[in-house]
Structures are given as C-alpha cells and as structure tokens.
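With the working numbering, letter number 3 in the sequence shown gets 274, and the count goes up by one each step, no holes. Glycine residues also receive a C-beta, built at the ideal position from the N, C-alpha and C atoms.
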Amino acid sequence: MHNIMGMMKKAEEMQKEIANLQATGISGGGHVTVVLNGQGHFQGIKIDPSLMKPEDSGILEDLIIAAHNEAKAKVEAAIASKTQEIMAGLPIPPGLKFLF
C-alpha cells in the first residue's frame with residue numbers, strides 16, 4: 272500500500288512538471304518560433320516581420336505549422352520520458368504496454 276501511495280505522489284508530481292513544461296519549435300532558420308506548454312497549448316509565437324507580406328502568406332503558414340509540430344514533438348517526448356520514469360517503479364508484467 273505504501274508503494275502505491277508513493278507512485279501516486281510521483282504521478283501527481285509528474286503532472287505538475289508537465290503543466291509547467293515549455294517546448295519551443297523553430298522553423299525557417301529562426302524566422303518563426305512557437306512555444307507550447309506541456310498540455311500542447313500555445314504560449315507564444317514570434318514571427319520575423321520580413322515574413323509578413325501578403326505574397327508570403329503561404330510560406331508563413333507552412334513555417335508556423337512546422338514550428339508547432341516541432342514543439343509538439345518535444346512536448347510528447349518529454350511526457351514519454353517522464354512517464355517512463357514513473358513506470359520504472361511499477362511491477363508491470365513483460366509485454367504489457369500502457370497507452371500514455
């Protein structure tokens with residue numbers, strides 16, 4: 272029972288860490304930067320003013336998507352890493368995988 276309580280405490284700590292996590296995605300050689308929190312919500316976006324031309328709108332859209340996808344991948348990798356830290360202490364039968 273004590274071990275279960277310890278694991279629950281670790282899980283709560285992990286949730287707090289994830290909530291405070293920030294990941295940055297950069298595209299276009301630094302022309303577009305997107306910051307996401309651990310829940311995948313936008314926290315910020317920076318766009319080089321040189322990209323703010325009507326004729327470049329398609330390029331800008333692609334760069335925003337690329338930066339967002341990079342940041343999202345970093346968030347997912349951080350969550351997977353933290354989840355593995357927590358799961359390492361659990362007696363899980365071989366071959367059993369969790370969907371996190």
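Buried or exposed: where does residue i fall if 16 or more other Cβ atoms within 10 Å of its Cβ makes it buried?
| i | result |
| --- | --- |
| residue 350 | buried |
| residue 321 | exposed |
| residue 335 | buried |
| residue 312 | exposed |
Taking 8 Å as the cut-off, is the C-beta of residue i nearer than that to any heavy atom in the ligand ZN?
| i | result |
| --- | --- |
| residue 346 | The ligand ZN is not part of the structure shown, which contains no ligands of any sort. |
For residue i versus residue j, is the C-beta distance shorter than 9 Å?
| i | j | result |
| --- | --- | --- |
| residue 309 | residue 290 | yes |
| residue 315 | residue 303 | no |
| residue 296 | residue 307 | yes |
| residue 301 | residue 319 | yes |
| residue 353 | residue 283 | no |
Distance, Cα to Cα, residue i vs residue j?
| i | j | result |
| --- | --- | --- |
| residue 343 | residue 276 | 31 Å |
| residue 340 | residue 346 | 10 Å |
| residue 331 | residue 274 | 51 Å |
| residue 329 | residue 280 | 47 Å |
| residue 292 | residue 324 | 33 Å |
So, at 8 Å on beta carbons, what are the nonlocal neighbours of residue i in its own chain, with the 5 sequence-adjacent residues on each side left out?
| i | result |
| --- | --- |
| residue 286 | none |
What residues match up with residue i in a beta bridge as DSSP calls it?
| i | result |
| --- | --- |
| residue 230 | Absent from the model: residue 230. The displayed extent of the chain is 272 to 371, so no value can be given. |
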